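Undergrad: Sharing a structure below in structure tokens format, with a few things to ask.
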Amino acid sequence: MNGHAARRVVVTGMGAVTPLGNNVEDFFSNLISGATGIRMVDELSATRGFGVVDVDMAAHFSVSENRQLDRVSQMAIIAAKQAIDSAGSTLSLPLGESAGVFFGTGMGGAESLQEGYFDFYKITPQKKMLIVLAAMTHAPASHIGLRYGIQGESQTYSSACSSSSVAIGEAFRRIRDGYLDVALAGGAEALLLPAIIQSWIDMKVLCKESSDSPGTGCRPFSADRDGFALAEGAGVLVLESLEHALQRGAQPIAEIVGYGVSNDAKSLSKPDLQGQKLAFRRALADADIAPKKIGYINAHGTATKVGDAIETDLIKEMLGQHAYRIPVSSTKSAHGHLLGATGAVEMIATILALKTQIVPPTTHWSQADSACDLNYVPQRGMPVKDLEYAASNSFAFGGSNAVLIARNYR
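Plus 3 on top of the position in the sequence shown (first one is 1) and you've got the numbering used here.
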């Protein structure tokens with residue numbers, strides 16, 4: 004700790020580019036109403052649905068910029084601008100030496116990398132100016148740092164599905180411990196490419212869609228679940244020390260109070276209950292709260308048979324009988340699995356649940372399962388009272404686990 008007492012860390016701005024909406028307001032409104040952002044895309048698959056972001060990049064970037072930017076960086080920049088704008092005009096730019104950017108992504112600029120391969124093998128000509136700079140995993144963080152004059156620190160985390168949760172957690176630590184005053188933290192992912200989709204199909208973890216009701220195939224915690232829908236998007240949060248936020252007259256949205264990480268060290272693909280428990284226990288200890296203080300959990304909930312059952316066991320073992328008294332939901336049912344960006348988007352949903360006192364649903368949940376017997380908030384958002392603490396779980400392939408705990412600011 005940089006010679007400072009632990010400081011309170013608040014969220015003062017948020018931005019989101021998702022299959023459910025291209026800003027935070029639309030995203031959350033559609034989420035709690037039970038809408039789905041999953042749709043069939045014939046050129047990608049005849050049997051799977053995907054969470055595709057519908058945004059006109061030409062409205063945000065010049066022709067020259069679009070030749071330099073991969074889709075993952077484009078979405079990251081748009082979400083970051085929204086977050087900066089929502090944090091208020093008193094956030095002085097450039098952000099300078101007391102600010103950092105912390106970003107998560109699973110595979111970075113995959114579209115640009117594919118373009119380079121296609122050009123090399125004479126399939127299609129290259130369009131990007133410099134493939135290396137567009138495709139590198141650190142490109143989204145680099146572009147955000149350049150645009151906002153962030154000189155304190157720039158870090159990229161790539162721990163599969165926990166990437167952006169880790170990025171938020173590490174930013175939280177830097178500010179809490181006195182190293183920085185401000186951070187932009189989040190993640191982005193853009194992997195809806197034929198070869199990558201086929202590799203996920205081969206893993207047998209993507210849900211199949213019905214032609215009668217397309218977009219409803221992802222059913223976390225439901226007995227008929229058979230996997231998730233792959234998606235793209237970005238989420239960014241502005242974090243500040245409470246002192247810094249109040250000095251400039253900002254209105255905090257929520258407070259980050261706990262962060263726990265762990266590594267299963269058991270399997271590349273099968274989740275481990277003990278590893279998840281360690282991350283959750285560390286987050287509770289970091290927040291210095293008892294398990295019964297948690298009033299809502301945004302679950303990792305990927306709608307796989309094994310994963311959902313293990314996460315349910317985790318919640319019951321950590322919270323005891325209190326687990327049956329609180330709502331638990333997986334918003335992946337509505338926006339899909341954004342992989343490295345999913346933790347950031349789900350943390351935004353968690354924070355908005357605290358702010359609005361409306362818990363988002365597990366859309367498309369339909370059948371009770373004895374292995375998953377908690378309140379998963381089926382179909383539509385649920386109003387709650389006195390929700391003070393909420394947790395967001397992110398459990399990744401490779402065994403990287405991260406749990407974030409937020410508190411309703413008061």
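For every residue, glycine included, the Cβ atom is placed at its ideal position computed from N, Cα and C.
Just so we're clear, the structure is a prediction, and the values are computed from it rather than from any experiment.
(1) Here's the rule I'm using: 16 or more other beta-carbon atoms within 10 Å means buried, otherwise exposed. How should residue 363 be labelled?
(2) Report the three-state DSSP secondary structure of residue 33 (helix, strand or coil).
(3) Return the bridge partner residues of residue 186 from the DSSP annotation.
(4) Would you kindly work out how many angstroms separate the C-alpha atoms of residue 201 and residue 152, rounded to a whole number?
(5) Are the beta-carbon atoms belonging to residue 119 and residue 366 less than 8 Å from one another?
(6) With distances taken from CA atoms, which of 345, 292, 375 is nearest residue 315?
(7) Less than 6 Å between C-beta atoms, sequence neighbours within five positions excluded: which residues of the same chain meet that for residue 327?
(8) In whole angstroms, what separates the C-alpha of residue 301 from that of residue 393?
(9) Between residue 181 and residue 268, is the Cβ-Cβ spacing less than 8 Å?
(10) Mind checking which residues open and close the beta strand (DSSP E) that includes residue 404?
(11) Does the distance from the C-beta atom of residue 218 to that of residue 341 stay below 8 Å?
(12) When the Cα of residue 206 is compared with those of 271, 137, 86, which residue comes out closest?
(13) Could one say the Cβ of residue 234 lies closer than 8 Å to chain E's Cβ atoms, at least one of them?
(14) Mind checking which residues open and close the beta strand (DSSP E) that includes residue 156?
(15) Do the CB positions of residue 390 and residue 411 come within less than 8 Å of each other?
(16) Tell me the rounded alpha-carbon separation between residue 113 and residue 194.
(17) In this structure, how does DSSP classify residue 164 when only helix, strand and coil are distinguished?
(18) Kindly give me the distance between the Cβ atoms of residue 107 and residue 338, rounded to whole angstroms, as I take these residues to be in contact under 8 Å.
(19) Compare the beta carbon distance of residue 191 and residue 143 with 8 Å and say whether it is the shorter of the two.
(20) Are residue 35 and residue 407 closer than 8 Å when you measure CB to CB?
(21) Look up residue 110 in the DSSP assignment and say whether it is helix, strand or coil.
(22) Suppose only complete runs of 3+ residues qualify. What are the beta strand (DSSP E) ranges in the stretch 9 to 97, listed by chain order?
(23) So the alpha helix (DSSP H) residue 336 belongs to, where does it begin and stop?
(24) By Cβ distance below 7 Å, which residues in the same chain neighbour residue 283 in space, the five residues on each side in sequence not counted?
(25) Does DSSP classify residue 232 as helix, strand or coil?
(26) Could you pull the start and end residues of the beta strand (DSSP E) that residue 258 belongs to?
(27) Measuring straight from C-alpha to C-alpha, what distance separates residue 346 and residue 240?
(28) Would you say the stretch 79 to 92 touches the stretch 221 to 233, given that touching needs at least three Cβ pairs under 8 Å?
(29) Would you report the Cα separation of residue 158 and residue 168, rounded to the nearest angstrom?
(30) For residue 274 and residue 310, which I take to be in contact (beta-carbon distance under 8 Å), what is that distance rounded to the nearest angstrom?
TA: In this structure, then:
(1) buried
(2) helix
(3) 103, 242
(4) 39 Å
(5) no
(6) 375
(7) Correct list: empty, nothing qualifies.
(8) Approximately 8 Å, taken between the alpha carbons.
(9) no
(10) From DSSP, the beta strand (DSSP E) with residue 404 extends over 403 to 411.
(11) no
(12) 271
(13) Looking for chain E here will not work: only one protein chain is present.
(14) Taken as a continuous stretch (DSSP letters only), the beta strand (DSSP E) holding residue 156 covers 156 to 160.
(15) Result yes, Cβ atoms of residue 390 and residue 411 sit closer than 8 Å.
(16) 6 Å
(17) helix
(18) That pair is no contact at about 16 Å.
(19) yes
(20) no
(21) coil
(22) 12 to 20, 41 to 43, 52 to 54
(23) 335 to 338
(24) Excluding positions up to five away in sequence, the list reads 263, 317, 321, 406.
(25) Coil.
(26) 257 to 266
(27) In this model, residue 346 and residue 240 are separated by some 11 Å (Cα to Cα).
(28) Segment contact: the stretch 79 to 92 against the stretch 221 to 233, fewer than three CB-CB distances shorter than 8 Å; contact not assigned.
(29) 13 Å
(30) 5 Å
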